[in-house]
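Engineer: Chains as they are written, first to last, in the numbering used here: chain E, 1 to 286; chain Z, 287 to 572; chain B, 573 to 858; chain C, 859 to 1144.
Protein chains: 4
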Amino acid sequence: MSDTSTAVLLLSCRDRKGLVAATSDFIYQNNGNIVHADQHVDSEQGVFLQRIEWETAGFRIPREELAGAFGPIAEKLGMQWELRLSDYVPRIAIFVSRLEHCLYDLLLRHRAGEFQAEIPLVISNHPDLQSVVEGFGPQYRHFPITKDTRAAQEAQQIALLQEQRIDLIILARYMQILGDELVHRFRNRMINIHHSFLPAFPGARPYHQAYERGVKIIGATSHYVTAELDQGPIIEQDVVRVSHRDSVEDLIRKGKDLEKVVLARAVSLHLRNRVLVYGNKTVVFD
Amino acid sequence: MSDTSTAVLLLSCRDRKGLVAATSDFIYQNNGNIVHADQHVDSEQGVFLQRIEWETAGFRIPREELAGAFGPIAEKLGMQWELRLSDYVPRIAIFVSRLEHCLYDLLLRHRAGEFQAEIPLVISNHPDLQSVVEGFGPQYRHFPITKDTRAAQEAQQIALLQEQRIDLIILARYMQILGDELVHRFRNRMINIHHSFLPAFPGARPYHQAYERGVKIIGATSHYVTAELDQGPIIEQDVVRVSHRDSVEDLIRKGKDLEKVVLARAVSLHLRNRVLVYGNKTVVFD
Amino acid sequence: MSDTSTAVLLLSCRDRKGLVAATSDFIYQNNGNIVHADQHVDSEQGVFLQRIEWETAGFRIPREELAGAFGPIAEKLGMQWELRLSDYVPRIAIFVSRLEHCLYDLLLRHRAGEFQAEIPLVISNHPDLQSVVEGFGPQYRHFPITKDTRAAQEAQQIALLQEQRIDLIILARYMQILGDELVHRFRNRMINIHHSFLPAFPGARPYHQAYERGVKIIGATSHYVTAELDQGPIIEQDVVRVSHRDSVEDLIRKGKDLEKVVLARAVSLHLRNRVLVYGNKTVVFD
Amino acid sequence: MSDTSTAVLLLSCRDRKGLVAATSDFIYQNNGNIVHADQHVDSEQGVFLQRIEWETAGFRIPREELAGAFGPIAEKLGMQWELRLSDYVPRIAIFVSRLEHCLYDLLLRHRAGEFQAEIPLVISNHPDLQSVVEGFGPQYRHFPITKDTRAAQEAQQIALLQEQRIDLIILARYMQILGDELVHRFRNRMINIHHSFLPAFPGARPYHQAYERGVKIIGATSHYVTAELDQGPIIEQDVVRVSHRDSVEDLIRKGKDLEKVVLARAVSLHLRNRVLVYGNKTVVFD
Chain E
1 MSDTSTAVLL
11 LSCRDRKGLV
21 AATSDFIYQN
31 NGNIVHADQH
41 VDSEQGVFLQ
51 RIEWETAGFR
61 IPREELAGAF
71 GPIAEKLGMQ
81 WELRLSDYVP
91 RIAIFVSRLE
101 HCLYDLLLRH
111 RAGEFQAEIP
121 LVISNHPDLQ
131 SVVEGFGPQY
141 RHFPITKDTR
151 AAQEAQQIAL
161 LQEQRIDLII
171 LARYMQILGD
181 ELVHRFRNRM
191 INIHHSFLPA
201 FPGARPYHQA
211 YERGVKIIGA
221 TSHYVTAELD
231 QGPIIEQDVV
241 RVSHRDSVED
251 LIRKGKDLEK
261 VVLARAVSLH
271 LRNRVLVYGN
281 KTVVFD
Chain Z
287 MSDTSTAVLL
297 LSCRDRKGLV
307 AATSDFIYQN
317 NGNIVHADQH
327 VDSEQGVFLQ
337 RIEWETAGFR
347 IPREELAGAF
357 GPIAEKLGMQ
367 WELRLSDYVP
377 RIAIFVSRLE
387 HCLYDLLLRH
397 RAGEFQAEIP
407 LVISNHPDLQ
417 SVVEGFGPQY
427 RHFPITKDTR
437 AAQEAQQIAL
447 LQEQRIDLII
457 LARYMQILGD
467 ELVHRFRNRM
477 INIHHSFLPA
487 FPGARPYHQA
497 YERGVKIIGA
507 TSHYVTAELD
517 QGPIIEQDVV
527 RVSHRDSVED
537 LIRKGKDLEK
547 VVLARAVSLH
557 LRNRVLVYGN
567 KTVVFD
Chain B
573 MSDTSTAVLL
583 LSCRDRKGLV
593 AATSDFIYQN
603 NGNIVHADQH
613 VDSEQGVFLQ
623 RIEWETAGFR
633 IPREELAGAF
643 GPIAEKLGMQ
653 WELRLSDYVP
663 RIAIFVSRLE
673 HCLYDLLLRH
683 RAGEFQAEIP
693 LVISNHPDLQ
703 SVVEGFGPQY
713 RHFPITKDTR
723 AAQEAQQIAL
733 LQEQRIDLII
743 LARYMQILGD
753 ELVHRFRNRM
763 INIHHSFLPA
773 FPGARPYHQA
783 YERGVKIIGA
793 TSHYVTAELD
803 QGPIIEQDVV
813 RVSHRDSVED
823 LIRKGKDLEK
833 VVLARAVSLH
843 LRNRVLVYGN
853 KTVVFD
Chain C
859 MSDTSTAVLL
869 LSCRDRKGLV
879 AATSDFIYQN
889 NGNIVHADQH
899 VDSEQGVFLQ
909 RIEWETAGFR
919 IPREELAGAF
929 GPIAEKLGMQ
939 WELRLSDYVP
949 RIAIFVSRLE
959 HCLYDLLLRH
969 RAGEFQAEIP
979 LVISNHPDLQ
989 SVVEGFGPQY
999 RHFPITKDTR
1009 AAQEAQQIAL
1019 LQEQRIDLII
1029 LARYMQILGD
1039 ELVHRFRNRM
1049 INIHHSFLPA
1059 FPGARPYHQA
1069 YERGVKIIGA
1079 TSHYVTAELD
1089 QGPIIEQDVV
1099 RVSHRDSVED
1109 LIRKGKDLEK
1119 VVLARAVSLH
1129 LRNRVLVYGN
1139 KTVVFD
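1) Short of 9 angstroms Cβ to Cβ, which residues in the stretch 640-665 of chain B face chain Z?
2) For the stretch 58-78 of chain E and the stretch 125-139 of chain E, state whether three or more C-beta atom pairs, one from each stretch, are separated by less than 8 angstroms.
3) Secondary structure at ILE885 (chain C), three-state DSSP: helix, strand or coil?
4) LEU168 (chain E) lies in the beta strand (DSSP E); which residues open and close that run?
5) Under DSSP, the beta strand (DSSP E) around HIS480 (chain Z) begins and ends at which residues?
6) Leaving out five residues before and five after LEU591 (chain B) in sequence, what residues of the same chain have Cβ atoms less than 6 angstroms from its Cβ?
7) To the nearest angstrom, report how far apart SER574 (chain B) and GLN156 (chain E) are at their CA atoms.
8) Measuring only between beta-carbons, confirm whether ASP25 (chain E) sits less than 7 angstroms from chain C.
9) Find out if the Cβ-Cβ distance for the pair SER944 (chain C), SER863 (chain C) is shorter than 7 angstroms.
10) CB ALA307 (chain Z) to CB TYR600 (chain B), shorter than 7 angstroms?
11) Could you check if TYR104 (chain E) is buried or exposed, using at least 16 other CB atoms within 10 Å of its CB as the buried criterion?
12) Using a 10 Å radius around the Cβ and a threshold of 16 neighbouring Cβ atoms, would you call THR432 (chain Z) buried or exposed?
13) Going by DSSP in three states, HIS101 (chain E) sits in which element: helix, strand or coil?
14) GLY18 (chain E) touches chain C at which residues, Cβ-Cβ below 7 angstroms?
15) Given this structure, state the Cα-to-Cα distance separating GLY423 (chain Z) from ARG967 (chain C), to the nearest angstrom.
16) Is there a Cβ from chain B that is less than 7 angstroms from the Cβ of VAL261 (chain E)?
17) At what residues does the alpha helix (DSSP H) containing VAL820 (chain B) begin and finish?
18) Does DSSP classify GLN974 (chain C) as helix, strand or coil?
19) Does DSSP classify SER944 (chain C) as helix, strand or coil?
20) Kindly say whether LYS524 (chain Z), judged by its beta-carbon, lies nearer than 7 angstroms to any beta-carbon of chain C.
21) Go ahead and pull the three-state DSSP assignment for GLU341 (chain Z).
22) Skipping 5 residues on each side, what residues in its chain have a beta carbon closer than 7 angstroms to that of ASP858 (chain B)?
23) Between the stretch 245-253 of chain E and the stretch 210-229 of chain E, do at least 3 Cβ pairs fall closer than 8 angstroms?
24) Using a Cβ-Cβ distance under 7 angstroms, would ALA7 (chain E) count as near chain C?
25) Would you report the Cα separation of LEU295 (chain Z) and GLU339 (chain Z), rounded to the nearest angstrom?
26) Quick check on PHE472 (chain Z): does DSSP put it in helix, strand or coil?
27) Does the beta carbon of ALA915 (chain C) sit closer than 7 angstroms to a beta carbon anywhere in chain E?
28) Please tell me whether ASP1025 (chain C) has its Cβ less than 7 angstroms away from any Cβ of chain Z.
29) Taking the beta carbon of GLN523 (chain Z) as the centre, do at least 16 other beta carbons fall within 10 Å, making it buried, or is it exposed?
30) Round the Cβ separation of PHE345 (chain Z) and GLY364 (chain Z) to the nearest angstrom and send it over; I've been treating them as touching at under 8 angstroms.
31) Identify, in the order they occur along the chain, each residue of the same chain with its Cβ nearer than 6 angstroms to the Cβ of VAL41 (chain E), setting aside the five sequence neighbours on each side.
32) Would you say ASP1088 (chain C) and HIS1052 (chain C) are within 7 angstroms of each other, going by their C-beta atoms?
33) Identify every residue that forms a DSSP beta bridge with LYS1139 (chain C).
34) Mapping the DSSP letters down to three states, classify ARG208 (chain E) as helix, strand or coil.
35) In angstroms, rounded to a whole number, what distance separates the CA positions of GLU647 (chain B) and GLN617 (chain B)?
36) For THR342 (chain Z) and ARG370 (chain Z), what's the separation of their Cα atoms in angstroms?
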């Protein structure tokens, strides 16, 4: 971890000559020191994707003018782009139901300094975890959900998320389908953990499905949420070996350890501006 | 590897008291030395499954009378059972199309002594690999398959498999659907390698499917063949990490290494009488 | 997990005929239902090792007479053996310094019901984690250690461990060398987590050593503590891939996730009476 | 895989501003299309390392003048650098003793088109594998080695390697210590496979050492050869899980599968100019 702050550009455009030179020149000409640059060309689709990070200390363009200065270059080259400043501290809301393992894991990692972010808010459809959460600091807001109240509750959740200026939602085993409005507003900014090796066993009760099928390995998948359930761009996956000796309960227990690690890795990659969504896939510049 | 020959019982029945004692007593009372015994109780379904192996040297019951002697015990306890003698050398037929990597791998492992088996026969729907195979020893038989000739060719294949007294078929990336007759005759004796982490990506072109979906891990699955494509009992699976940098060709290349190892492990487990099929699952006594 | 209580025998002796039959007969003749039996023969050393577990419900020998009843059989066959009752609840003391990740992980798993055990006591050479620990329930005892006070403090720790009737010590990143007396008293009952893939990088600062050496994979090892540092019988190990991009801090961060899981697995195996120490190795009947 | 040829620069120097821009500008100003660029800064040592690859088609500097054109830039920036052309076909010599698995694996992969290289020569201290090798095409040269003949034989080997214009030596389980002269001449161009997870179990009989120690995971390591045995820069490692049930023979069998894959990956990385040696470590731009 560097103690100096940096700026990160995440960009994509049609592949053509001079793209690497164009961005590195922009930075060099303004006295920037590049600390990371990585790019990928999808040669099938002819798309160029890049992540480039440089130190803001000594950079000739003040940070508030950065976007304005790079915009014309990007426009000329037909780039889609995002600019992130490493010293911006994103604000996270965690959604949770009753299962505490992922929530606890995130809160502990946050307290241990693993995530450069604030977690001001936890939203749940159950009251159970209130005292646990508040012991760590975040506000706990309980939104009971029924078929009839779902839409109204979600409208209130959105208002709360706005009020709290939330940048990233983490679904830490939140057992509810979300409405289109919420999903749309947090496109590429809402991370879910699904307790299977997607695309195997989407939907409900994946450990039971895995047990029935007799697989020898189970997995967990962290992905951005899209309108289609368990179909969004995958950020990270991992697996663990199981055998006939493992009951469904054993799969659940082993799976919990996977879920925690896979979700934490995905969140960390996102927060360090390492993930670029592209079609329904991700490029992970790790 | 012991140099003494052994007998193996693979059995299953409704769980009840005294099952472990019944089989171990049978062996002990007849002066047998148990070298491996393992069992599993599926407590959901109340099924007991066991593998027990003992040295035939010094055993009071001659091998040709073994089945007759154990039969009444099994009947009394309602057991399904199979008796295998470790010095019986099973005869394998490998089915292959054009891809050579699994075939070669199996032939090399066989030559290196990894499989206690004979491989007298390789069957293919293409002539390409004839000289490779014959250099290793097995007979190579070419059965071109078209929609119209499929049934007739398969009848001839079955006749050949019988004539050659084949115990086990290995589908080493054989790109043809097999008829019910052949599948039925080799129930639990025909092992396929599928180039995905089943149940993800069944059917054709799984590496292309995996590439499209943007998964971060790919796999391979070895299973017994049943009437439903890629749905049979899984024997072994393994995975390897991939990234956005991997093209479809890279997935294929990495996948080949997986396929070879996963298929070889499954074949080895089968030949060492370690696999007991049970419902649509396997118990692997490893 | 069955809801009925069971008895477990863990035994070893010179290999000979009739050992499996002897123990299973003892159980069967007394109306026991065997729910797990597994054994291993080390054919190089001619040693037989077994784990056998049966339901105590309906067993003709009362639990308080079990040891007395099996003793003569064991003696006749020259067996070393231990008897464990599944409804006995072992008492654990966790030793910790300042790093909280393993401690927290163990306390959370305990609260989630993963360990059938009590954790009445946490001992530390630092005061830092007192409030964390007490929030979970255990007593926190601070024993500052200097070169001069070590022996006296350890004597007091031993007295406290006895008073608290501790069965198992877990060193959850306890950064102190322990005295022979303590190690001896808790032989095969003290589990350490070492933050490397032993025997690579024993001793201090293994992540720094790994970074210097440029390895592509790092690991963690859980083992029983013996008089020789990091040389005890290994219970469980696992690894994670790293690259040149990972700084020492990244190795430490990735390693923490490994340490937690590897230590928790080892503790769980021990508590479920799955581990049999044998020479300087373990047999893990999983 | 692109069908157009490319040039690759592998370079390292003290970190300073403008390095990324300097190389990408050089390429862009000469009408090159960058297809891969990756760099790494070792912030502890202040070293910048880069790999940059561009299409030679349309590049304004002819390939024979490339080195001359880049040289002054490199000199100005104090860079150590190597230039590789993707259509140059390196020539490989494989050294082997009696074990055939790695040799066979390399020859098969080569025939399957996995390596862009020629393998004109196999050198062995035993005659055993001559017919296998010659069936694949390479010349097989037998150099029996004794303590007395070692130096003289190695001098002849060096002459042969020169005559054959060998670029890369692969030690495919070659069970001989090599002399300093040979090691020195092929610095960073001689790849060994060691059958353990280094730095655990260096030297002789690592599988026996692993068995004695009772590890739960074994590994294989591919590294460049240096004067100190098993101490060179690590290119690739991988592991596989084992248990008390695995005899030394099982470890050897499982290890063989690892050795093949790990060695093949290391060779492939080297041939695709992905490996930059740096101190006693590698940066693998994959």
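For glycine and all other residues, C-beta sits at the position ideal for the given N, C-alpha and C.
Structural biologist: Quick answer:
1) none
2) no
3) helix
4) 168-171
5) 476-480
6) PHE620
7) In this prediction, SER574 (chain B) scores a pLDDT of 43, lower than 50, which makes its location untrustworthy; no coordinate-derived value is stated.
8) yes
9) yes
10) yes
11) buried
12) exposed
13) helix
14) TYR886
15) 22 angstroms
16) yes
17) 820-843
18) coil
19) coil
20) The identity of residue 524 (chain Z) in the sequence shown is Asp, whereas the question assumes Lys. Closer than 7 angstroms: no.
21) strand
22) LEU841, ARG846
23) yes
24) no
25) 6 angstroms
26) coil
27) no
28) no
29) buried
30) PHE345 (chain Z) to GLY364 (chain Z), Cβ: 25 angstroms. No contact.
31) ASP15, PHE48
32) yes
33) C:TYR1136
34) The identity of residue 208 (chain E) in the sequence shown is His, whereas the question assumes Arg. In the structure shown, HIS208 (chain E) sits in a helix (DSSP, three-state: H, G or I).
35) 20 angstroms
36) 11 angstroms
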